[in-house]
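S.K.: The structure follows.
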Amino acid sequence: MSTISTPTIVERSIGDKSISLETGRLAFQAHGSVTIQSGETMVLATVVMSDKPRADVDFLPLTVEFEERLYAAGKIPGSFFRREGRPGESGILSCRLTDRSIRPLFPKSLHNDIQVILTVLSSDQENPPEVLGMVAASAALSISHIPFDGPVGSCRVAYFTENNEYVVHPTYEQIKTSQLNMVISSTKDAILMVEAGSDEVSEEVILEGIRIAQEANNETIALIDQLVSQIGSPKVDIEPVSDEAKNIEATITSNLNGRLTEILEQNALKAERVEALENLEDSITSEMSEDYSSDQIAAAFKNVVKSQVRHRILNEGVRPDGRSTDEIRPIFVEAGLLPRTHGSGLFTRGQTQVLSIATLGPLTMKQILDTVGPDDSNSKQYMHHYNFPPYSTGEARRVGSPGRREIGHGALAERALQSVLPSEADFPYTIRVVSEVLSSNGSTSMGSVCGSTLALMDAGVPIKAPVSGIAMGLITDADGKYAVLSDIQGIEDFLGDMDFKVAGTTEGINALQMDVKIQGLTASILSEALEQARQGRLFILEKMSSALSSPREQLSQYAPKMVRMQIAVEKIGAVIGPRGAVIKSIIEETGCSVDVSDDGKVTIGSSNQEMISLAQSKIEALTRELVVGDILTGKVGRTTDFGAFIELLPGKDGLLRNESMMEGETDPDIGQEITVMIREIDHLGRVNLSRKALFGEEEPPPQRPQRSSFGDRGRPRNGGGRGGFGGRDRSGGPRNNGGDRRFQGGGSRDR
């Protein structure tokens with residue numbers, strides 16, 4: 001008997017797009033399965049939860065995967081094995097968007113493994129799949145038996161400054177031309193997640209975009225509710241936090257006798273505070289070990305510390321290091337720290353320290369992306385890579401490939417600088433910035449933004465304006481009391497309710513990322529956080545200007561030099577050559593990078609100016625138009641009894657007839673260089689050369705056979721040839737037929 005049931009489909013217009021949700025047709029063994037479609041883009045979301053909770057964790061073991069199948073866009077992977085490998089950067093960023101949107105809505109006591117897999121099945125190259133996957137994941141969780149306090153709605157909003165217009169669920173092309181690209185997730189009442197990249201827009205533009213997104217998300221939530229009402233499953237019961245755990249916390253609190261308060265009031269450095277807390281935990285564990293396990297005590301102790309830190313911030317206005325809520329840690333900046341790199345910047349804020357290094361390369365070094373998106377967006381001229389080594393937190397652990405966190409932080413810093421970079425036309429370089437986190441105590445991604453700005457300016461990259469970043473936090477209580485924190489450190493990030501990162505210039509916001517651990521954030525709190533972040537951002541920019549206020553006027557002497565030239569589009573083939581043979585030979589001979597764009601722009605790069613000039617001259621020769629009267633030095637390619645063929649330019653030769661040689665000159669040898677003047681270029685493009693004309697001697701024009709009554713091909717075929725520059729004798733008789741070959745041909749077939 002078939003297990004496939006009749007599919008359930010719901011549909012609604014949201015913004016200008018029609019979005020449908022379907023379940024019951026695909027992946028029916030998953031605990032929740034929903035296929036979402038907009039246009040011809042389709043994403044399948046599946047969710048599965050393990051039967052039993054994990055005893056070895058005190059957090060939610062949630063994993064989200066975003067599978068970009070290139071067949072969705074009719075593409076074959078470019079890898080050696082021609083199949084998809086591990087997720088690329090776009091896939092990782094997409095799954096992080098979904099994870100951050102749904103994680104706050106699971107019960108705190110849920111410790112079962114939960115896996116969400118989003119698979120792009122079809123891409124119409126117009127409607128991006130990332131946000132559709134977020135909606136489908138929310139719908140799949142909502143119809144499943146998995147405990148989930150949703151649904152959550154998600155959408156992308158683009159903003160266009162020229163007409164002050166917001167577009168919900170924009171196309172790829174609209175995203176590309178917009179000044180704000182923002183993804184927002186929310187419940188009916190509160191904001192859960194924000195991710196944005198923009199071109200120095202104001203806080204008011206951001207807030208209005210979020211308001212519009214919430215309206216659209218409420219439509220999405222209504223659509224999911226409609227699906228749940230038709231096919232939703234009852235949720236399984238999850239054991240709440242036990243009374244025993246609460247009793248342990250109460251016992252620890254009574255046994256502390258002010259010891260925790262004493263540690264928190266010392267305003268110590270991170271390492272000292274951590275050591276003191278660990279010693280206190282060991283002491284409490286030994287005191288209570290007869291009644292409770294060490295795991296129970298450790299979990300309860302962490303909650304007690306969290307509660308007391310939050311209480312001090314909310315009620316006393318004092319943070320763990322003694323700062324006020326809007327105070328920023330001491331800042332130290334330095335540019336040009338590394339002597340042989342193209343540019344470097346060191347940014348230190350409190351115990352967070354980031355060293356950023358900029359490297360310039362030719363346009364051929366752009367990163368090529370294998371994605372389901374349009375081909376014109378599948379490369380990157382600017383890249384930012386973020387490294388987080390274990391020593392930055394005083395730990396010894398395995399060093400491996402960058403994880404999702406590193407990729408996400410790197411992308412955020414990359415987005416913050418994107419809008420201030422010069423265009424490819426103005427600055428024909430590929431730019432890579434690497435940020436090495438040397439010491440971490442919160443806000444390393446925003447430290448990377450500041451370090452990247454310094455490194456780019458030190459490298460001489462003409463950015464439009466310096467960019468700084470700041471991480472904001474939030475502490476709330478059950479009564480609605482809250483405190484917004486500027487420049488949060490590690491313990492405040494860990495114990496707080498929000499991580500809100502804002503990067504921008506003096507003029508506006510370039511990037512924004514917000515995650516919450518509570519079930520949503522009100523617009524009024526968000527507005528206050530944005531204003532406090534603006535003030536902090538301006539303060540940091542002022543500090544950065546003390547080291548370097550604008551880009552250096554000259555590039556580093558170690559950076560490659562780039563020369564750009566324009567050739568006719570119809571000459572591109574001559575420069576490339578068959579199967580790239582010509583351009584490869586230029587690259588091999590000169591050691592330069594050579595990039596030819598479809599509009600005829602040629603970019604040549606090398607640290608050796610002499611080699612750049614050589615490559616330039618070769619390309620000019622390949623694309624030069626020959627003109628009567630030009631004097632050129634060429635090499636004899638071959639000789640005949642009526643003259644010699646001289647290679648004037650690569651792939652272009654001319655005929656130097658015997659009668660055009662100077663009196664007394666010997667016939668040239670193959671390979672010999674000889675200087676000639678272009679005497680004539682006929683209507684077929686054939687070039688006649690002269691030595692006599694070069695030295696000013698008069699020379700009669702080349703003789704042409706008279707046209708005959710046999711038409712414009714000259715004499716009849718049995719006359720042997722195609723006129724004065726015709727082909728071989730086709731009469732079938734002897735090739736010379738008693739005549740002088742100089743008057744029979746040597747035309748295009750001989751060349």
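Numbering (the working numbering), first residue to last: 1 to 751. Ideal Cβ placement from N, Cα and C applies to all residues, glycine included.
1. Reducing DSSP to helix, strand and coil, say where Val305 ends up.
2. Excluding sequence positions up to five away, which residues of its chain have a Cβ less than 6 Å from the Cβ of Leu495?
3. Tell whether a beta-carbon distance below 8 Å holds between Met662 and Lys692.
4. Where Gly469 and Gln29 are concerned, what is the direct C-alpha to C-alpha distance, given to the nearest angstrom?
5. When the Cα atoms are used, what is the spatial distance from Arg319 to Lys561?
6. Report the three-state DSSP secondary structure of Met662 (helix, strand or coil).
7. For Ile252 versus Ala299, is the C-beta spacing smaller than 8 Å?
8. Any idea if Asp740 is buried or exposed, counting beta-carbon neighbours within 10 angstroms, 16 or more meaning buried?
9. Return the first residue and the last residue of the beta strand (DSSP E) that Thr23 is part of.
10. Could I get the ranges of all uninterrupted alpha helix (DSSP H) runs contained in the segment 589-667, with 4 residues as the minimum, in chain order?
11. How about the segment 355-363 and the segment 428-448: do they share at least three Cβ pairs that are nearer than 8 Å?
12. Mind checking whether Phe160 and Leu118 have CB atoms under 8 Å apart?
13. Applying the criterion that 16 or more other CB atoms from any shown protein chain within 10 Å of the CB defines a buried residue, is Ser5 buried or exposed?
14. Thinking C-beta only, is Ser94 closer than 8 Å to Thr364?
15. Give, in chain order, every unbroken run of the beta strand (DSSP E) that is at least 3 residues long and sits entirely within the segment 188-266.
16. If you measure between the beta carbons of His31 and Ile184, is that distance less than 8 Å?
17. Give me the Cβ distance between Ile646 and Gly634, rounded to the nearest whole Å; I'm assuming they're in contact under 8 Å.
18. Starting from the Cα of Ala529, find the closest Cα among Ser545, Gly451, Leu512, Gly345 and give me that residue.
19. For Thr640, which of Arg657, Arg624, Lys652, Leu632 has the nearest alpha-carbon?
20. By Cβ distance below 8 Å, which residues in the same chain neighbour Ile263 in space, the five residues on each side in sequence not counted?
21. Does the Cβ of Gln535 have 16 or more other Cβ atoms within 10 Å, making it buried, or fewer, making it exposed?
22. In angstroms with no decimal places, state the Cα-to-Cα distance between Val569 and Met134.
23. Give me the DSSP bridge partner(s) of Tyr292.
24. Name the one or two DSSP bridge partners that Tyr159 has.
25. Let me know if His311 comes out buried or exposed under the rule of 16 or more other beta-carbons within 10 Å of its beta-carbon.
26. How big is the Cα-Cα spacing for Gly345 and Val120?
27. Where Gly720 and Gly637 are concerned, what is the direct C-alpha to C-alpha distance, given to the nearest angstrom?
28. Who are the near neighbours of Asn218 in its chain, counting only those whose CB is closer than 7 Å to its CB and skipping five residues on each side?
29. Note the first and the last residue of the continuous beta strand (DSSP E) segment covering Gly91.
30. Ordered along the chain, which non-local residues of its own chain (more than five positions away) have a Cβ less than 7 Å from that of Ala416?
31. On a Cα-Cα basis, can you pick out the residue from Met193, Leu338, Leu180 that is closest to Gly209?
32. Under the rule that 16 or more other beta-carbon atoms within 10 Å means buried, what is Ile19, buried or exposed?
33. Hey, Lys652 and Leu626: beta-carbon distance below 8 Å or not?
34. Thinking just about the alpha-carbon of each residue, which of Ala411, Ser142, Ile612, Gly573 is nearest to the one in Asp598?
35. Going along the chain, which unbroken runs of the beta strand (DSSP E) with 3 or more residues stay wholly within the segment 332-416?
36. The alpha helix (DSSP H) that contains Leu541, what's its start and end?
M.R.: Walking through what the data contain:
1. helix
2. Lys306, Val309
3. yes
4. 45 Å
5. 50 Å
6. coil
7. no
8. Caution is warranted here: a pLDDT of 41 is assigned to Asp740, below 50, making its placement in the model unreliable, and the coordinate value is therefore given only provisionally. Flag for Asp740 reads exposed.
9. 17-23
10. 609-623
11. yes
12. no
13. exposed
14. no
15. 191-201
16. no
17. 4 Å
18. Leu512
19. Arg657
20. Arg273, Ala276, Leu277, Leu280
21. exposed
22. 44 Å
23. Looking at the DSSP assignment, Tyr292 forms no beta bridge with any residue, so it has no partner.
24. Tyr166, Leu180
25. exposed
26. 40 Å
27. Only weak support exists for where Gly720 lies, its pLDDT of 42 falling under 50; the value from the coordinates is given anyway. Their backbone Cα atoms lie some 26 Å apart in a straight line.
28. Gly153, Lys188
29. From DSSP, Gly91 is part of no beta strand (DSSP E) but of the alpha helix (DSSP H) over 89-102.
30. Val449, Val467, Gly469, Ala503, Asn510, Ala511
31. Leu180
32. buried
33. yes
34. Gly573
35. 343-349, 352-361, 382-387
36. 523-545
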